[in-house]
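This note's numbering applies: residue 4 is where the sequence shown begins, and numbers increase by one.
Cβ atoms here follow ideal geometry from the backbone N, Cα and C, with glycine treated the same way.
Notes follow once the structure below has been shown.
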Amino acid sequence: MDNDLTLSTSKLSTPDAVLFDLDGTLVDSVEDIFVATNALLAELGLKTRTRDEIAMWIGNGARTLVERSMAGRFDGFAGAADARTRQAEADAAMPRFRAIYQDICIDHTLPLVGAHESLSYAHSCGLGVAIVTNKPLAPTERIIDALGWRAFVSVVIGGDSLAVRKPDPAPLFEAMRRLDARHGWMVGDSANDVGAARAANMPSIVVRGGYNHGNSVESLDPAPDAIIDSLAEFPALLRRAR
């Protein structure tokens with residue numbers, strides 16, 4: 004996707020930090036999330052979901068995923084006659100889901116192509132490196148440690164680190180504050196990443212093939228500043244902007 008790199012580089016100011024999303028950007032975590040979600044549903048006596056359904060519902064935090072899975076639809080219990088009661092049931096299920104997922108979150112989760120090299124290269128350039136994800140902090144930290152990325156990543160912001168998550172820009176601002184950086188890039192795979200970056204007045208780079216609720220990255224609105232096929236292309240993009 005060299006044309007994307009050429010056309011987009013002029014939009015990307017030289018960064019002093021790079022913020023990476025996790026699920027669908029750095030790692031393929033669907034299998035562990037799928038197993039944990041269905042284990043919870045089975046314990047609750049609810050219908051289990053397909054892997055494709057779970058993959059479609061990832062991206063807005065664990066609480067939203069659990070509600071969508073319990074309801075069997077993207078909108079969760081919104082609009083249901085007993086919505087308040089059912090949402091309370093989803094709230095009550097969260098401690099058990101967190102425990103199940105924390106126990107298995109590194110069983111099948113794998114780095115995506117170019118992930119390790121991108122983190123390593125950004126770090127070697129002297130840039131601040133952060134992971135900013137809507138996944139809860141505890142499993143995020145466990146995955147980072149399991150994949151050997153702690154040496155590259157200085158700051159980790161999870162979906163429960165602040166009162167809000169992406170697409171709110173606050174997690175990006177907090178990561179930049181902790182990195183003591185002023186000019187960051189947001190690298191992700193979904194509308195949440197692009198929306199947060201736009202609200203933070205930060206360039207965004209989107210990686211194809213992630214978890215964007217089944218929507219193509221070309222349909223993103225607002226549009227990202229660059230689209231790459233995989234993180235294997237990220238070091239070249241960074242070199243061109245420096």
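Local conformation of residue i per DSSP, three classes
i, result
"residue 152", "coil"
"residue 166", "coil"
"residue 61", "coil"
"residue 23", "strand"
"residue 29", "coil"
"residue 237", "helix"
"residue 115", "coil"
"residue 178", "helix"
"residue 229", "strand"
"residue 173", "helix"
Bounding residues of the beta strand (DSSP E) (the contiguous stretch that carries residue i)
i, result
"residue 102", "Where residue 102 is concerned, there is no enclosing beta strand (DSSP E), although the alpha helix (DSSP H) it sits in stretches over 86-107."
"residue 158", "158-160"
"residue 132", "131-135"
"residue 198", "No beta strand (DSSP E) holds residue 198; the alpha helix (DSSP H) holding it covers 194-202."
"residue 191", "187-191"
Straight-line Cα distance separating residue j from residue i
i, j, result
"residue 4", "residue 232", "Unreliable positioning characterises residue 4 in this predicted model, as indicated by a pLDDT of 39, which lies under 50. The coordinate reading is nonetheless provided below. Approximately 6 Å, taken between the alpha carbons."
"residue 89", "residue 140", "26 Å"
"residue 138", "residue 157", "17 Å"
"residue 3", "residue 238", "As displayed, the chain neither begins before 4 nor continues past 245, which places residue 3 out of reach and without an answer."
"residue 114", "residue 171", "26 Å"
"residue 94", "residue 66", "7 Å"
"residue 71", "residue 79", "4 Å"
"residue 227", "residue 219", "12 Å"
"residue 230", "residue 201", "15 Å"
"residue 181", "residue 85", "42 Å"
"residue 133", "residue 91", "33 Å"
"residue 246", "residue 161", "Coverage of the chain is limited to positions 4 through 245, which leaves residue 246 absent and any answer about it impossible."
"residue 119", "residue 22", "14 Å"
"residue 189", "residue 244", "14 Å"
"residue 211", "residue 217", "11 Å"
"residue 197", "residue 128", "24 Å"
N-terminal and C-terminal residue of the alpha helix (DSSP H) that residue i is part of
i, result
"residue 210", "Counting along the chain, residue 210 falls outside any alpha helix (DSSP H), though it belongs to the beta strand (DSSP E) covering 207-210."
"residue 39", "33-46"
"residue 125", "118-127"
"residue 220", "Neither: residue 220 is in no alpha helix (DSSP H) and is coded neither H nor E."
8 Å contact criterion, which residue i and residue j should meet: CB distance rounded
i, j, result
"residue 62", "residue 204", "22 Å between Cβ atoms; not a contact."
"residue 126", "residue 17", "Not quite, the Cβ-Cβ distance comes to about 16 Å (not below 8 Å), so this is no contact."
"residue 112", "residue 32", "4 Å"
"residue 48", "residue 193", "Actually they are not in contact, since the Cβ atoms of residue 48 and residue 193 sit about 32 Å apart, beyond 8 Å."
Given 8 Å, three or more beta-carbon pairs between the segment 43-63 and the segment 145-154: No: the two stretches stay apart, fewer than three of their Cβ pairs being nearer than 8 Å.
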